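Colleague: Quick one: this structure, given as structure tokens, is what I'll be asking you about.
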Amino acid sequence: MRLRSIALIINALLVTPAWSQTPPPRSAAAPAPVASNPGSALENREIRAQLAPRRYTTLAAEIGAKVSHLPVPEGGAFKAGQSLVQFDCSLQQAQLAKARAALAGADKTWQANRRLADLNSVGKVELETSEAEVLKARAEVSANATLVGKCAIAAPFAGRIAEQKVREQQYVQPGQALLEILDDSALELEFIVPSRWLAWVRTGTAFQVRIDETGRSYPAKVQRIGARVDAVSQSVKLNAVIDGRFPELIAGMSGKVQMTPPANP
């Protein structure tokens, strides 16, 4: 009996139960990568825009001369066709007067040769030479008149002086920048939106833009839609215009575009 008990104990020690075997730890499965959606990222990002003038340009000198007068100060407003720069063109005007006198003399010589030709008192070559001198003098008058016409620069459109690059009594060279002007009659906005917004954005779509410098919101409307969608960022460029005239707004201000897609586009 004792021997049978001992045998049972030894058998229990040698046999390992199945529940005591701990399975090897399983490696945790790596989470599946989440596909990025550029469009949704752009939708969650703040859309910024900057006010820009409708038209702007830099006026440059076309002749070498001394600036005699700048009628409109920096920041001042002007009308279309108004004189913005006046040069001292005493030399150019004297050259024009000289060219006109030469034209008058050449014309008299040609007229006299024509009368003599009717009397067969002058040769054909001399008559044609005098006529060529008249044409040459007329060209000189035209060239000098063109130079004198550049002694004043008129505004190509109504607007304001953004920057004066020269001062009165300063001598300038041809091609030198003089003034930067802009047309602030209508301020424009340019910004980027998700391309999926094309399902509901149209020319004339109204929205609000909050300008940082004033802390106020202003009405605006879409004016143009970009001709191409950026395939990488899935975005498109919109061009809008401030709907109304607000004297406190000037070019260069920036703000946040308050445009949200409708519930049921």
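The sequence shown begins at 24 in the numbering used here and counts up by one.
Cβ atoms here follow ideal geometry from the backbone N, Cα and C, with glycine treated the same way.
The structure displayed is predicted, hence computed values, not measured ones.
#1: Could you check which residue in TRP133, GLY172, ILE176, ILE234 has the C-alpha nearest to that of GLN115?
#2: Using a threshold of 7 angstroms, state whether the C-beta atoms of ALA88 and LEU119 are closer than that.
#3: So SER153 is in the alpha helix (DSSP H); what residue range does that whole segment cover?
#4: What did DSSP end up calling ASN136 once you bin it into helix, strand or coil?
#5: In the DSSP assignment, the beta strand (DSSP E) including GLN246 goes from what residue to what residue?
#6: Out of ALA175, PRO217, ALA129, PHE180, point me to the one whose CA is closest to ASP206's CA.
#7: Please return the same chain residues whose Cβ sits closer than 7 angstroms to the Cβ of LEU93, not counting the five positions on each side in sequence.
#8: From the DSSP output, in three-state form, read off ALA274 for me.
#9: For the beta strand (DSSP E) that contains VAL232, what are its first and last residues?
#10: If you count every other CB in all the chains shown that lies within 10 Å of the CB of ALA211, and 16 or more means buried, which is it?
#11: Between the Cα of GLY267 and those of SER208, ARG239, VAL255, PRO285, spot the shortest distance and give me the residue it belongs to.
#12: Apply the 10 Å Cβ neighbour rule to VAL224 and answer buried if 16 or more other Cβ atoms are within range, or exposed otherwise.
#13: Can you give the Cα-Cα distance for LEU104 and ALA84, rounded to whole angstroms?
#14: Rounded to the nearest angstrom, what separates LEU126 and ALA185 at their Cα positions?
#15: Residues in the same chain with beta-carbon distance under 6 angstroms from GLN196, minus the five sequence neighbours each way, listed in chain order, please.
#16: ASP141 by DSSP, collapsed to three states: which one?
#17: Just the C-alpha distance for ALA175 and ALA243, rounded to the nearest angstrom, thanks.
#18: May I have a chain-ordered list of the beta strand (DSSP E) segments no shorter than 3 residues that lie completely inside the region 80-128?
#19: Can you list, in chain order, the residues of its chain with a C-beta nearer than 7 angstroms to that of ARG161? Leave out the 5 residues immediately preceding and following it.
#20: Measuring alpha carbon to alpha carbon, tell me which of PHE269, THR80, CYS112 ends up nearest TYR194.
#21: Does ARG49 pass the burial test, meaning 16 or more other C-beta atoms within 10 Å, or should it be called exposed?
#22: Per DSSP, what kind of secondary structure is ASP206 in: helix, strand or coil?
#23: Look at the Cβ atom of ALA222, then the Cβ atom of SER106, and state whether they are nearer than 7 angstroms.
#24: Grouping DSSP H, G and I as helix and E and B as strand, with all else coil, what is ARG68?
#25: For ARG251, name the three-state secondary structure that DSSP assigns.
#26: DSSP beta-bridge partners for GLY198?
#27: Where do the N-terminal and C-terminal ends of the beta strand (DSSP E) with GLU186 fall, by residue?
Modeller: According to the structure data:
#1: The closest CA to that of GLN115, considering only TRP133, GLY172, ILE176, ILE234, is found on GLY172.
#2: Contact: no.
#3: In this chain, the alpha helix (DSSP H) harbouring SER153 covers 147-172.
#4: Residue state, collapsed to three classes: helix.
#5: Residues 239-248.
#6: That would be PHE180, whose Cα lies nearest to the Cα of ASP206.
#7: Excluding sequence neighbours, LEU93 sits near VAL108, GLN187, GLU191.
#8: Coil.
#9: Residues 229-234.
#10: Note that residue 211 is Glu in the sequence shown here, rather than Ala. Its Cβ being crowded by 16 or more others within 10 Å, GLU211 is buried.
#11: Minimum Cα-Cα distance from GLY267 among the listed residues SER208, ARG239, VAL255, PRO285 corresponds to SER208.
#12: Around the beta carbon of VAL224, a 10 Å sphere encloses 16 or more other beta carbons of the protein chains shown; the residue is thus reported as buried.
#13: In the sequence under discussion, the amino acid at residue 104 is Gly, which differs from the Leu named in the question. In a straight line, the C-alpha of GLY104 is about 17 angstroms away from that of ALA84.
#14: So the two alpha carbons sit approximately 44 angstroms from each other.
#15: Closer than 6 angstroms at Cβ, skipping near neighbours: GLY87.
#16: ASP141 sits in a helix when the DSSP states are folded into three classes.
#17: Distance between the alpha carbons of ALA175 and ALA243 is about 38 angstroms.
#18: With a minimum length of 3 residues, the continuous beta strand (DSSP E) runs that stay inside the region 80-128 are 88-92, 106-111.
#19: Taken in chain order, the residues that qualify are LEU126.
#20: Nearest option by C-alpha distance: CYS112.
#21: Because ARG49 sits at a pLDDT of 49, beneath the cut-off of 50, its placement in the model cannot be relied upon, and the following sentence gives the value as read from the coordinates. With fewer than 16 other Cβ atoms within 10 Å, it is exposed.
#22: Looking at ASP206 - three-state DSSP - the assignment turns out to be strand.
#23: No, the Cβ-Cβ distance between ALA222 and SER106 is not below 7 angstroms.
#24: The three-state secondary structure of ARG68, taken from DSSP, is coil.
#25: DSSP places ARG251 in the coil class of the three-state scheme, outside both helix and strand.
#26: DSSP output for GLY198 lists no bridge partner at all.
#27: Counting along the chain, the beta strand (DSSP E) containing GLU186 begins and ends at 182-187.
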